[in-house]
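Notes follow once the structure below has been shown.
4 protein chains.
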Amino acid sequence: MLNIGLLGCGRIGQVHALSIGQRDDVQMTALADAFPEAAQKLANQTGAQVMDPDAVIASADVDAVLIATPTDTHYDLIHAAARAGKAIFCEKPVDMSADRIRECITVVEEAGVPFLTAFNRRFDPNFAALQSRIRDGEIGQVELVTIMSRDPSPPPISYIERSGGIFRDMMIHDLDMARFLLGEEPVQVFAVGSALVDPKIAAAGDVDTAAVTLTTSSGAICQITNSRRATYGYDQRVEVHGAEGLLRAGNVLENTVEVATSAGFCSAPTKHFFLERYAAAYRLELAHFVSAVTTGTPITPNIVDGLRAQMLADAAADSLATGRPISIS
Amino acid sequence: MLNIGLLGCGRIGQVHALSIGQRDDVQMTALADAFPEAAQKLANQTGAQVMDPDAVIASADVDAVLIATPTDTHYDLIHAAARAGKAIFCEKPVDMSADRIRECITVVEEAGVPFLTAFNRRFDPNFAALQSRIRDGEIGQVELVTIMSRDPSPPPISYIERSGGIFRDMMIHDLDMARFLLGEEPVQVFAVGSALVDPKIAAAGDVDTAAVTLTTSSGAICQITNSRRATYGYDQRVEVHGAEGLLRAGNVLENTVEVATSAGFCSAPTKHFFLERYAAAYRLELAHFVSAVTTGTPITPNIVDGLRAQMLADAAADSLATGRPISIS
Amino acid sequence: MLNIGLLGCGRIGQVHALSIGQRDDVQMTALADAFPEAAQKLANQTGAQVMDPDAVIASADVDAVLIATPTDTHYDLIHAAARAGKAIFCEKPVDMSADRIRECITVVEEAGVPFLTAFNRRFDPNFAALQSRIRDGEIGQVELVTIMSRDPSPPPISYIERSGGIFRDMMIHDLDMARFLLGEEPVQVFAVGSALVDPKIAAAGDVDTAAVTLTTSSGAICQITNSRRATYGYDQRVEVHGAEGLLRAGNVLENTVEVATSAGFCSAPTKHFFLERYAAAYRLELAHFVSAVTTGTPITPNIVDGLRAQMLADAAADSLATGRPISIS
Amino acid sequence: MLNIGLLGCGRIGQVHALSIGQRDDVQMTALADAFPEAAQKLANQTGAQVMDPDAVIASADVDAVLIATPTDTHYDLIHAAARAGKAIFCEKPVDMSADRIRECITVVEEAGVPFLTAFNRRFDPNFAALQSRIRDGEIGQVELVTIMSRDPSPPPISYIERSGGIFRDMMIHDLDMARFLLGEEPVQVFAVGSALVDPKIAAAGDVDTAAVTLTTSSGAICQITNSRRATYGYDQRVEVHGAEGLLRAGNVLENTVEVATSAGFCSAPTKHFFLERYAAAYRLELAHFVSAVTTGTPITPNIVDGLRAQMLADAAADSLATGRPISIS
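Protein chains in written order, with this note's numbering: chain C, 1 to 329; chain A, 330 to 658; chain R, 659 to 987; chain G, 988 to 1316.
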């Protein structure tokens, strides 16, 4: 039985609390949130004890902390938890600054604690099955990767303003997915972008429509596109072209119903809400963490994966700002 | 909060226990099973109290009973529960004998207790959405219904021998689905069947491959096929052709991954196990029961639906035996 | 070079004339039609000589006749052509009477002339590929065949009245397809039908919505449905379930364009017009005839296939009239 | 009746000769080829007269010339034909040099003759329908365009060496398609590329795997990928994401047959050969030319479209060579 202390009881914290409640091999013993009512409400539902974050980290009844607080608090919490010898499950991004992530890596490696960077999409059963088949050699050497991510609608401008920009906020998932599928590090990033959805996004210094090209040292190429809007729902597709074939994973639709009329054959739109779309991914992400911590096996994606994705997002932002391709060392 | 007493802790009883555990508005207070260890194990997981079936039905802490015991015990349990004034959630079939179901209807109607016949497929989000769109008039008058159900592999011969035959054991789901989609009662049944999968099934007096044609008084036609084997997984499809269009619901695949090679484009097989395939249906079935009992609204499918499906299965068996179409009064 | 005399210059005769014009190994030397202008117009386009039907059949410049005249003229033309030693390409149905077809068989067999019954769908590249894969054993023993045919809209009532009824006019294609896919003879036919599309069809003594169940001596089962209307275009699908898998062939859509909006994902309707839907089939049908006649290899489907399909259509009509399954000897 | 003189009787010339032969409103009166036997063989099949190219262009029996000769001969033939007042149908590319195309534009505009640059894919019924729906506003403002083109296998190295490189030889089709779908001019091109398929392609100074990003002044973005190999056939897909929805056109498969086994559901590979894949496009391309020349209506794509595509291919090659994005004036 792994005892988890939850730091942050907002939307994503609640998702993980639910996953914890569905398993027999893990329990939530403590939790903390800056809003006392949010903490108390989740405590009532789960039986976990409300504490200060420091107390959660210090508690002898806590083996691992799950960090689901605002990004700017991650740095301190990671340092404290690592020094306390706790295993760490940390929501993405680890931090907005690659340099600060490097400092986190130092303390985590010194402490020797397990660390999961919660890129949930790697655990989606569809993308995970696809990647596993690539690694098994089913399509030979990877040559071209195409990743498309489009959200149903943009977040509030107030969110955009604090988001770090589309590459660090939205495309970071796709940049991690690119590394996951390519199986090697990109060495160059080129980005373009436009504000086509809402002029307020441009006014906030960001774009809402973006495209990135990654290249690796072996010559593999990855193209990623993002849009902050898609009238047909939450759109998440990947396609990998290899020397011996192609693997792709399409959208998850709301249901399997199809109607045929004089307009043609119409199926359902995609699942609209990311928590529903990735419900299985969140469960499997927790399962991987619990299993790896309990058995001492490696965790993937780890904190270095968190750094690598952040470096690619930084490079994409730099490319958009300068208009030039950016090399990654 | 609705208090449920579970009668029968086998595979399907455990499925419902899990659904109960995931809801806030219902709890399992008591349970019973002919095997004391099965009962105790589920009691340990849920906190419900182990009792005799009679005690469960009599308990003041039980508002509703969920009957998941072998079919031949349903009759007595329904009588006892109805007389005790408990709401009843009864696994299909209500009974193997239409006459005995009629006796159950009498006691249930006299007692005035809510009764759900657990035809889970009506609650599958895909089939439910399809049926709802028919009722909303999206494709006009229903003209032709096609239902295909194929299992990955036949059950053990020992099961076949006690099953009541393919029409009462397997096709009864499709016969209920036919009524659900047609929106009116079939007035004639014609059946053909063969034992193609396993000669032992023929030796047991049953068939493993069957086709039925239903007709209604308005002239709508429904064709159903069943097979006890399908190499590509659990196959469950419906298609409804109406005056103004066609609605269909296809299979649920294991994942969305597709591979392209010189052999063509290949997607995953269907979900192989019915409990996984219909996981959402079982949850929504319980939700409907709890909501209807709590608010006093009608339950569908009710005990009369259980009778109607059984009458169609009986007629199909009669048609196969006699080689003639059978009229339903 | 095979010299063909065309008997009948209507719509289907013109289709075959076009196919002849596209090949190097066959030419149309003579043609006939009851309407002199129709004959002359096609003669102008093709360079063939206008003659009386008897002259076409007698001509030394004609190796084979292509009979595309009204059905009630087939009998006499077949007799004359067979006695003249000409190879015969005959549009379906050979005749409306199975007994008269038997007489044609006698004269054709006595003359020893090649004979093609023009069931064009057997030559559709999709259905032909599917059948070939069945015969190659890809899905093992055939167990369940499902055939769906739906027309965009019913023909004029005047046509219905002279058509011989839906089974002989429309479903005969599907009955031949059933034999093609089953690979053995049906021994029993059961039919139901309704007039749901147009009450004038009922008034004409016919139905517009029909379903047939065929069974073979090995126990294979085939279900066929027909409707005289389909708002989404010309609908022609077959599915064959075998011991080791399933083969199916879906509709041919107008194009590959798909649109995604909040309504979901919509693709094009099916090709609406049967001459366009089966354009390749008509070309390949002619190619088979020319090749078989030229090389002396067997023709399929031949005149016996024409008889067998007619017998199944007769049995279906008989079943609908009597309400009972009909055995085929 | 439009009289056409064919210049070049190779593979693509024969395709156009076949299209001409299938129409009533156009005829081929003269033809020329550097190989006398090739010319004579096609003359025998069509009845056209073999001449020198100059004589074809000068002939009073020729209204329009169809230039299907090697690219390096286009320049002189265009000059001669324009000065002779003939309408011109010219295979792509117009010339390998943008400057020489500009000279051709001058002579064509001075002569005022109709000119078609034969980008056949614009006439594919699928892509044409998709583009027409964009122009009709069905998905609102175009934001992201994705174009994928992959050939079954690379051409001979001897061909690669003279091809002008992947951007001018292969991607030029996609660059024209991008302009067709975007509806505005790209202002910047960024290209990456690798030789992954065959080291001899690298040795020839070319790449076989390439990706380009185009941006327009309105902020629309287009990503294109090319590969010289695809084990699953000829792969040609486009997808256009707009403010109000998404339109895409997928591959054309060899047939509609699908098989289901324990491996899942498998459909046919794509049509393998481009002449078969684009058979309808070639016919419709000729139809557009004949109709436009006959009625005096505008031709699209014209010679300026030929120039624009060449400029984009040049810019892509320049970007790959320099590693920088290239602006288009």
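For glycine and all other residues, C-beta sits at the position ideal for the given N, C-alpha and C.
Owing to the predicted nature of the structure, the values given are computational and were not obtained by experimental measurement.
6 Å CB neighbourhood of residue i in its chain, flanking five on each side removed
| i | result |
| --- | --- |
| C:A195 | I201, A202, V207, D208 |
| R:H831 | R779 |
| G:F1289 | The sequence given here has Asn at residue 1289 of chain G, not Phe. So the list reads F1102, once near-sequence residues are dropped. |
| A:V521 | A540 |
| A:P454 | A609 |
| R:A738 | I715 |
| G:F1076 | L1053, L1103, F1276 |
| R:V765 | H737, A740 |
Close Cβ partners of residue i (< 8 Å) along its chain, the five nearest in sequence each way excluded
| i | result |
| --- | --- |
| G:L1294 | V1081, A1085, I1088, R1089, I1092 |
| R:A862 | I815, I818, E819 |
| A:M500 | S478, A539, V541, I553, N555, A642, A645 |
| G:A1230 | I1126, G1127, Q1128, E1130 |
| A:M380 | G334, A359, L360, A361, S388 |
| G:L1307 | F1154, A1178, V1179, G1180, V1194, A1197 |
| A:E513 | T545, S546, S547, A549 |
Proximal chain G residues relative to residue i, where beta-carbon distance stays under 8 Å
| i | result |
| --- | --- |
| C:G219 | S1181, A1182, L1183, T1196 |
| R:E796 | V1246 |
Same chain only: Cβ atoms within 7 Å of residue i, ignoring 5 sequence neighbours per side
| i | result |
| --- | --- |
| G:K1079 | T1104, A1105, F1106, I1159, G1293 |
| A:V588 | C595 |
| G:F1110 | A1268, L1271, E1272, H1275 |
| A:H601 | P481, G562, Y563 |
Proximal chain A residues relative to residue i, where beta-carbon distance stays under 7 Å
| i | result |
| --- | --- |
| C:E285 | None at all; the shortest Cβ gap to chain A is about 17 Å. |
Cross-chain neighbours of residue i in chain C, by beta carbon under 8 Å
| i | result |
| --- | --- |
| G:L1131 | T209, A211, T225, S227 |
Partner residues on chain C for residue i, Cβ-Cβ distance less than 7 Å
| i | result |
| --- | --- |
| A:N584 | P125, N126, A129 |
Residue i: contacting residues in chain A (beta-carbon distance under 9 Å)
| i | result |
| --- | --- |
| R:P983 | F519, V521, G652, R653, P654 |
Within chain A, the residues that residue i reaches when beta carbons sit closer than 8 Å
| i | result |
| --- | --- |
| R:Y890 | G574, L575 |
| R:T873 | V521, S523 |
Interface residues of chain G facing residue i [CB-CB closer than 9 Å]
| i | result |
| --- | --- |
| C:R150 | L1131, H1228, L1233 |
Exercise for review: Could you tell me whether the region 8-19 of chain C touches the region 38-46 of chain C, using the rule of 3 or more Cβ pairs below 8 Å?
Suggested key: yes
Review point. Any contact of the region 1072-1086 of chain G with the region 877-887 of chain R, i.e. 3+ C-beta pairs under 8 Å?
Key: no
Practice item. Return the chain-ordered ranges of every beta strand (DSSP E) run that is complete within the region 363-407 of chain A and spans a minimum of 3 residues. Key: 393-396
Exercise for review: Taking only beta carbons into account, state which residues of the region 1221-1240 of chain G come closer than 8 Å to chain R, listed in chain order.
Suggested key: E1231, G1232, L1233, L1234, R1235, A1236, G1237, N1238, V1239
Check your understanding: Residues in the region 586-611 of chain A with C-beta within 7 Å of chain G's C-beta atoms, listed in sequence order?
Key -> A589, T590, S591, A592, G593, F594, C595, S596, A597, P598
Review point. Can at least three beta-carbon pairs, one atom from the region 1264-1278 of chain G and one from the region 1001-1010 of chain G, be found at a separation below 8 Å?
Key: yes
Point to revise | Runs of alpha helix (DSSP H) lying entirely within the region 565-610 of chain A, each at least 4 residues, in chain order | key: 603-606
Exercise for review: Return the chain-ordered ranges of every beta strand (DSSP E) run that is complete within the region 1057-1116 of chain G and spans a minimum of 3 residues.
Suggested key: 1074-1078, 1102-1105
Check your understanding: What are the residues of the region 1085-1115 of chain G that lie near chain R, defined by any Cβ-Cβ distance shorter than 8 Å?
Key -> P1112, N1113
Review point. Hey, is the region 831-846 of chain R in contact with the region 906-921 of chain R, meaning 3+ C-beta pairs nearer than 8 Å?
Key: no
Check your understanding: Whole alpha helix (DSSP H) runs in the region 1105-1189 of chain G with 4 or more residues, listed along the chain?
Key -> 1112-1122, 1144-1148, 1153-1156, 1158-1169
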